[in-house]
Each structure stands twice: as structure tokens, then as C-alpha cells.
Amino acid sequence: MALPHAEHQACADEFADELALLEAMFPEEIVYDSKRSEISYRAEDGTLQLRIPPEYPRAARPEVITASGPAKQDLRDHLLYRIAIMEVGEPVLDAVISAFLDIITAEREAEGQSQETEVSTREPDGRKTVIIWLHHLLATSKRKHALAPEGDAATSVSGVTKPGYPGVMLFSGPAHAVDSHVHALKRLRWQAFQVRHEANQEWKFKHGQSIIEVETISEVVGAVEDEANGKREIILAALRIK
Numbered sequence: 001m002a003l004p005h006a007e008h009q010a011c012a013d014e015f016a017d018e019l020a021l022l023e024a025m026f027p028e029e030i031v032y033d034s035k036r037s038e039i040s041y042r043a044e045d046g047t048l049q050l051r052i053p054p055e056y057p058r059a060a061r062p063e064v065i066t067a068s069g070p071a072k073q074d075l076r077d078h079l080l081y082r083i084a085i086m087e088v089g090e091p092v093l094d095a096v097i098s099a100f101l102d103i104i105t106a107e108r109e110a111e112g113q114s115q116e117t118e119v120s121t122r123e124p125d126g127r128k129t130v131i132i133w134l135h136h137l138l139a140t141s142k143r144k145h146a147l148a149p150e151g152d153a154a155t156s157v158s159g160v161t162k163p164g165y166p167g168v169m170l171f172s173g174p175a176h177a178v179d180s181h182v183h184a185l186k187r188l189r190w191q192a193f194q195v196r197h198e199a200n201q202e203w204k205f206k207h208g209q210s211i212i213e214v215e216t217i218s219e220v221v222g223a224v225e226d227e228a229n230g231k232r233e234i235i236l237a238a239l240r241i242k
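Using full-length UniProt numbering, the first residue of the sequence shown is number 1, and each one after it goes up by one.
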């Protein structure tokens, strides 16, 4: 929708202020092409190019032209998802760059950390528990992957998952097997995948030696043995629930 001239001018002024701030924050990384109204951001292992519509920020979001990661992979879909939930009417370029860097970090971790390296840095008989928060866990294929680890993790990792919004995954067992399962899941390219708790101890579950799916966060807590012995608080704190 076309904006009145005064609104266009207000958009231009607000963008100019935001651009000045970005150039101060990222003096070596930001390049602005005023003729094309495009911003380029070059990170150490990724490149982002945005088009700024005349209606930005009051009535439009930045448009993604290119977004590539450390292996030159196309990250546009990941970034577009993050931008789509940002508020129209507010400056968001800093948030877009931050989201892009988060995506790059996730890609680098998924592709750059090998299971062999992870195993070599831990004691052979070490134990581990992780709690993972996801923006959502809906796809049937991903839910099946979460419930069915590969290799020796298939028989040694226990835990519980909760689909929906948000998604929750809790895994425990031998450290190398838990790490292997987590890294395999990361390679599935989630919209948001955050390890919120990580401890060098093993938790036991009331359902025994397996991974099960439940429907609510209270059922996640209830699946853990000794949940009253501090584990309930750990889970709720990891999920940022008071």
C-alpha cells in the first residue's frame, strides 16, 4: 500500500538513523548501496544482502536477497521465517543481523563438530543430561528422529520429548551417545534449537531405558525419577517457566 509523502519521508529519516547506528556497530561489515537501497553484511563465515523497501520500517519488513552460511549454503528460508515474526512498524535490522548470526552459529556447530572430536574430549564413561528448547516440534519425521537415536545411542540414551509449541526434548545417558544424538538432530535444520541445560550427570526416568513422547510440560517433569529433588526446578528454569 502506497504511503503519503510525509510517511515516506518519516520512513527515510528513521531508516537513516538506524543505518547510522548499524554502521557504528559494524564499521567493517556493513555496506549500503543507496542507489539500489540494499544493505550488505559480511560476517566471518557468512554473507547477508537485504533490500530496504521505501515503506520500511513503518509498513514493511526488510527483504532478503541472499543469505549464505559457512559452506555457502542458502539460509534464506531460515532467515525469512525469523523476519516474518518480527513486528512491522519498528526498526529491526539489528535483530535481523542477530538472527542471521544465530543461524550461522547453528550451522557451524552442526557441520563443524564431529562425533569423533566430541567423544575424544570427554571421559569414556562420562554421563550427560541435556534439555533442549525448540520454537516448535511438529513435523512427524523430526518427532520420529528425536525418539529413535542411531548407533549405540539407540540403546543407551533415555529421555522424553514434547511436540507442539514450544517443543521440548530431554535426553540422558552416556555423554558420547547423548552428544551423537543431539548433533544428528541439529543436522535436521530446525528454525530454533537451543540447548538450555547441560550437566555431567545421568537422570533416570520412570518409563525406563527408552525415549517417549508426551503431550505436556508437566508430563515431561513427571517422567523424571526424583523430580522433586531439584530436577523439576531445573527443567522449568531451562524452559524459562516460573
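Ideal Cβ positions, reconstructed from N, Cα and C, are used throughout, including at glycine.
Going by other Cβ atoms of all chains shown within 10 Å of its Cβ, with 16 needed for buried, is residue 282 buried or exposed?
This structure does not reach residue 282, given that the chain is present from 1 up to 242, and the question cannot be answered.
On a Cα-Cα basis, can you pick out the residue from V182, R76, P57, R189 that is closest to I65?
R76
By alpha-carbon positions, which one of A175, R82, A146, F171 ends up nearest to A192?
R82
State the Cα-Cα distance for the pair V220 and T161, rounded to the nearest angstrom.
7 Å
Could you give the DSSP three-state label for M86: helix, strand or coil?
coil
The alpha helix (DSSP H) spanning G222 covers which residue range?
217-222
Name the residue from V130, P91, A16, Y56 whose alpha carbon lies nearest to the alpha carbon of A237.
V130
Would you identify the three-state DSSP class for V130, choosing helix, strand or coil?
strand
Between the alpha carbons of A184 and A110, how many angstroms are there, rounded?
Distance between the alpha carbons of A184 and A110: 8 Å.
Use the C-beta contact count for S180: other C-beta atoms within 10 angstroms, 16 or more gives buried, fewer gives exposed.
buried
Residue nearest to S172 in terms of C-alpha spacing, selected from N229, I104, V157
It is V157.
If you compare alpha carbons, which of R58, A20, S68 is closest to R42?
S68
Spatial neighbours of P54 within its chain, please: C-beta separation below 7 Å, excluding the five flanking residues on both sides.
H8, C11
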